[in-house]
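In terms of UniProt numbering, the sequence shown opens at residue 1 and continues consecutively.
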Amino acid sequence: MNLLEINHMKKGFDGTGVLEDISLSVKEGEVVSIIGPSGSGKSTLLRCATMLEKMDGGELKYMGEAAAWEESGKCVYAGKQKLKEIHKHFGLVFQSFNLFPHYSVMKNITDAPISVDKVSKKEAEERALKLLKQLGLEEKKDAYPYQLSGGQQQRVSIARALALQPKILFFDEPTSALDPELTGEVLRVIKELAKEHMTMIIVTHEMQFAKELSDRIVFMEQGLIQQEGTPEEIFTAPNERVREFIGKFT
Ligand code: ADP
Ligand code: MG
Numbered sequence: 001m002n003l004l005e006i007n008h009m010k011k012g013f014d015g016t017g018v019l020e021d022i023s024l025s026v027k028e029g030e031v032v033s034i035i036g037p038s039g040s041g042k043s044t045l046l047r048c049a050t051m052l053e054k055m056d057g058g059e060l061k062y063m064g065e066a067a068a069w070e071e072s073g074k075c076v077y078a079g080k081q082k083l084k085e086i087h088k089h090f091g092l093v094f095q096s097f098n099l100f101p102h103y104s105v106m107k108n109i110t111d112a113p114i115s116v117d118k119v120s121k122k123e124a125e126e127r128a129l130k131l132l133k134q135l136g137l138e139e140k141k142d143a144y145p146y147q148l149s150g151g152q153q154q155r156v157s158i159a160r161a162l163a164l165q166p167k168i169l170f171f172d173e174p175t176s177a178l179d180p181e182l183t184g185e186v187l188r189v190i191k192e193l194a195k196e197h198m199t200m201i202i203v204t205h206e207m208q209f210a211k212e213l214s215d216r217i218v219f220m221e222q223g224l225i226q227q228e229g230t231p232e233e234i235f236t237a238p239n240e241r242v243r244e245f246i247g248k249f250t
């Protein structure tokens, strides 16, 4: 089943097209990496797919249910209740961690499950501890974000997203804000999740990582998917633009 389905998504800002016509489907358990030059619309795509930003046209579906669709040339969103349900299906991890600075690690992770999901405090904390253990951060549960390295903060934000038990996880350049020596620990965590068949869509400039981990790689440029395929297809038979782009990283 397609967990996510995007059909002919369009988005512009002030009359300038950013997403021209994007169609992308993601199946349960799939890992899809999105690569492409800066400004090509990768973040806009993730923001529209997670409804942080409204799209101008096209269709967005989670588990076969329409979140947004086009009606007489305009984009219409589902009702509040439906959107609330749909929101539970996905989590998002940003480049810049976005942890609450005045909350402990534990509270950062349990806040949404308790307030949004109505999970009991006890259960939320048990869940959080399990995640922290899994991500190698158990001893940091009472620390505050400023006491953590960037890599640890990013792992906490991954734990926070996982605490809501999403079916699909989006990452927008999860290691771009990190010093090179800290990217490894975050990439390792994402690799572990892939092994556990977590469905993920990852915008990244880490080519080797994308190659190893992805079921599919999508190359975006100028608001369009210019090439899409397995890592093997993308790296052994890239089209001219992809070859040029990948070449910059090797
Ligand atoms: P990428 O993530 O691939 O680097 P973005 O999606 O961030 O690209 O940006 C694509 C284009 O959209 C850029 O030209 C950017 O300036 C523009 N853009 C993104 N967000 C906004 C916004 N909120 N308002 C105006 N322009 C935006
Ligand atoms: Mg971006």
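For every residue, glycine included, the Cβ atom is placed at its ideal position computed from N, Cα and C.
With burial defined as no fewer than 16 other Cβ atoms inside 10 Å of the residue's Cβ, what is the status of residue i: buried or exposed?
i: residue 52; result: exposed
i: residue 248; result: exposed
i: residue 68; result: buried
i: residue 108; result: buried
i: residue 146; result: exposed
i: residue 16; result: exposed
i: residue 49; result: buried
i: residue 140; result: buried
i: residue 1; result: exposed
i: residue 101; result: exposed
i: residue 31; result: buried
i: residue 82; result: exposed
i: residue 124; result: buried
i: residue 199; result: buried
i: residue 43; result: buried
i: residue 13; result: exposed
i: residue 194; result: buried
i: residue 223; result: buried
i: residue 165; result: exposed
i: residue 264; result: One cannot answer for residue 264 here, as it falls past the ends of the chain, which runs 1 to 250.
i: residue 110; result: buried
For the putative contact between residue i and residue j, defined by C-beta atoms under 8 Å, what is the C-beta separation to the nearest angstrom?
i: residue 219; j: residue 242; result: 5 Å
i: residue 163; j: residue 127; result: 6 Å
i: residue 4; j: residue 62; result: 6 Å
i: residue 225; j: residue 26; result: Actually they are not in contact, since the Cβ atoms of residue 225 and residue 26 sit about 13 Å apart, beyond 8 Å.
i: residue 221; j: residue 36; result: 5 Å
i: residue 142; j: residue 119; result: Contact flag wrong, Cβ pair sits at about 20 Å.
i: residue 155; j: residue 129; result: Actually they do not touch by this definition, with Cβ atoms about 14 Å apart.
i: residue 57; j: residue 71; result: 10 Å between Cβ atoms; not a contact.
For residue i, which residues does DSSP report across the bridge?
i: residue 18; result: Bridge partners of residue 18: none, in fact.
i: residue 219; result: 35 and 227
i: residue 77; result: 68
i: residue 2; result: 27
i: residue 60; result: 6 and 68
i: residue 200; result: 31 and 169
i: residue 11; result: 19
i: residue 93; result: 171
When the distance is taken between beta carbons, is residue j closer than 7 Å to residue i?
i: residue 157; j: residue 93; result: yes
i: residue 229; j: residue 182; result: no
i: residue 191; j: residue 169; result: no
i: residue 172; j: residue 203; result: yes
i: residue 7; j: residue 59; result: yes
i: residue 131; j: residue 159; result: yes
i: residue 167; j: residue 89; result: yes
i: residue 55; j: residue 11; result: yes
i: residue 29; j: residue 197; result: yes
i: residue 97; j: residue 153; result: yes
i: residue 114; j: residue 122; result: no
i: residue 217; j: residue 40; result: no
Report whether the distance from the Cβ of residue i to the nearest heavy atom of the ligand SAH is below 6 Å.
i: residue 223; result: No copy of the ligand SAH appears in this structure; the ligands present are the ligand ADP and the ligand MG.
### Task
Considering only heavy atoms of the ligand ADP, list every residue whose Cβ is less than 5 Å from one of them, following chain order.
13, 18, 38, 39, 40, 41, 42, 43 and 44
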